[in-house]
Structures are given as C-alpha cells and as structure tokens.
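In the numbering used here, the protein residues as written are 6 to 207.
Ideal Cβ placement from N, Cα and C applies to all residues, glycine included.
Report on the following structure.
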Ligand code: URA
Ligand code: SF4
C-alpha cells in the first residue's frame, strides 16, 4: 500500500503526472475514472492543496474545474491572487464517492488513503518549491500541519511547515462555503484569508 513505488525519482512534473496515471497505491483507482494530478506552472509561487477531486474533476482529469473550483477562482480574484501563477492539486488524487441513483457523492478520504497518496504531493511540492502553500480545508491542513491542527482556530495565518522549511496558510475548503447557511459571510472569510496569502507574497 502506498504510492511510493510508482513515483519516478528525479522526474519533472510532466513525467510525474504521466506516472501518476497508473498509480495503484491504494484502492481508490478502482472506481474512479482517472488520476487527477495537480496542474499549473512548475515555477508557481503558490501551491494550493485541496482534498480530493470531485465528480467534474474525475470526468475531466483536472483539479478544481467544478463548482468548488469556480468559487476558488473568484475568491483568488477578489483577494488579489493570481491564479495563473498558481499550481493546484489535492491531498488525494483519485475521486472517492458513493453512488446515489445517478449522482456520485464525494466521500472524505481515510487517513490511510491520505498517507498512501502523500508521495505524489511531496514530489509536487518538491518540484514546484513554492513561496507559499495554501491548504484548503481540514484534510489538506492536517496532512500538511499535523493531525492536531484545527482550521477553525488557526486559519488565515502564515505558518512554518515542518521539515521542508516552507510557509503554509490554511483556510476553509470552497465546498464548505457552497454548503454554508450564510454563504456570503463564509465566502468573505475565505477571501480575507487569501488576502493574507496575497500580502505574504508581496
Ligand atoms: N474539491 C477538492 O478538494 N479538489 C478538487 O479538485 C475539486 C473539489
Ligand atoms: Fe495512487 Fe493516490 Fe490514486 Fe491511491 S489515490 S491510487 S495513492 S494516486
């Protein structure tokens, strides 16, 4: 179990993406359409880490192209962050879901799946070497900052990240805004956190 054996050593992002297409590091590849690897320029200043691809992402093979991605694009704009110099990816690269009739409902990946998929994320962070990592939601934040990390308490702060001497800022997941009772307030909260990220990059 684990992606390690599928990750080619010293490969660039293009080769990593190709190799990830045939990853069998956990069970999730079995029901998903395809691997959804990260996307964006290799010299990106920011790497955004989400949770797991959604239904649209699974169909198209690209991260954040569905409703959550559109909301993220808008929030980036409103916060003064440049999406075109950003690399976007997920903690887990295959869509996890349950079927309800014709709909496929997203499921949160397990700790085991997150750990299994981690070598891909580490390789991406290593190759891009961004100035700042933005973690969207608890799954990404805990993966990067540890299991005890609480997004509700520590969101919107630029924090040092473990061994790799990188900076990271955690905020809520855009999907949580789409589910929120007060969407406008939740959205403004995301934009405020991203504005802190934008400031840290200046
Ligand atoms: N949610 C995520 O966490 N990632 C995506 O790519 C899409 C939706
Ligand atoms: Fe490999 Fe990650 Fe997909 Fe599991 S979720 S098969 S570890 S790419």
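When the alpha-carbon of residue 155 is set against those of 138, 174, 169, the nearest one is in 174. Not one heavy atom of the ligand SF4 is found less than 7 angstroms from the C-beta of residue 24.
In the same chain as residue 114, and ignoring 5 residues on each side of it, the C-beta atoms closer than 6 angstroms to its own belong to 57, 97, 101, in chain order.
Spanning the alpha carbons of residue 64 and residue 39 requires a straight line of approximately 8 angstroms. Cβ neighbours of residue 72 within its own chain (closer than 7 angstroms, five residues either side excluded): 183.
Assigned with DSSP and collapsed to three states, residue 23 falls in helix.
Here the C-alpha atom of residue 161 lies approximately 21 angstroms from the C-alpha atom of residue 186. Residue 192 is a Cβ neighbour of residue 80, given a cutoff of 8 angstroms. Under the 8 angstroms Cβ criterion, the stretch 82-91 counts as touching the stretch 46-55, having at least three qualifying pairs. Here residue 119 is buried: its Cβ has 16 or more other Cβ atoms, across all protein chains shown, within 10 Å. In the same chain as residue 130, and ignoring 5 residues on each side of it, the C-beta atoms closer than 8 angstroms to its own belong to 52, 138, 169, 171, in chain order. For the pair residue 165 and residue 150, the Cα-to-Cα distance works out to about 9 angstroms. The closest CA to that of residue 24, considering only 200, 33, 125, is found on 125.
Distance between residue 110 and residue 159, taken at the CA atoms: about 29 angstroms. Rounded to whole angstroms, residue 19 and residue 107 show a C-alpha spacing of 34 angstroms. Classified as buried, residue 68 has 16 or more neighbouring CB atoms from the shown chains inside 10 Å of its CB.
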